[in-house]
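Encoded as structure tokens, the structure appears first; notes follow it.
Right under this line is the structure:
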């Protein structure tokens with residue numbers, strides 16, 4: 004199905020912003036500043052934003068600059084540990100996680 008044309012009153016920027024708001028993962032990535040704008044634009048064009056991908060990418064960059072940064076209270080902390088291995092399917096879930104924690108504490 005070909006992409007729908009933009010409504011007469013909707014600019015490329017408005018269409019890109021609307022499409023980003025409809026996709027929470029993209030909206031969050033824009034706020035966090037971790038977007039591949041060209042890939043995001045291609046995805047939006049393929050999903051129906053009837054505009055040139057370069058124009059959509061530019062609109063996304065400008066939109067991201069206008070957004071407030073992600074709330075640092077929701078930042079996640081990631082750590083890496085050595086010695087992690089596979090977990091048996093029978094022992095998956097909380098029991099396996101508890102055992103890994105106990106081994107790490109030793």
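Numbering (this note's numbering), first residue to last: 4 to 109.
Beta carbons are placed, not taken as given, at the ideal position from N, Cα and C, and that holds for glycine.
query                                                                                                                          : result
Endpoints, the alpha helix (DSSP H) within which residue 69 is located                                                         : 56-69
Three-way DSSP call (helix, strand, coil) for residue 24 in this model                                                         : helix
Cut-off 6 Å between Cβ atoms - residues of its own chain near residue 58, not counting five sequence neighbours on either side : 15
Span separating the alpha-carbon of residue 6 from that of residue 66                                                          : Unreliable positioning characterises residue 6 in this predicted model, as indicated by a pLDDT of 47, which lies under 50. The coordinate reading is nonetheless provided below. Going by the C-alpha atoms only, they are around 22 Å apart.
Own chain residues within Cβ distance below 7 Å of residue 114, not counting five before or after                              : An answer regarding residue 114 cannot be provided, because it is not within the stretch 4 to 109 covered by the chain.
Residue 48, buried or exposed, once every other Cβ within 10 Å from all chains shown has been counted against 16               : buried
Cβ shell of residue 52 (< 7 Å), same chain only, five flanking positions each side left out                                    : 6, 18, 19, 22 and 59
Endpoints, the alpha helix (DSSP H) within which residue 46 is located                                                         : 40-50
Where residue 53 falls: helix, strand or coil (DSSP)                                                                           : coil
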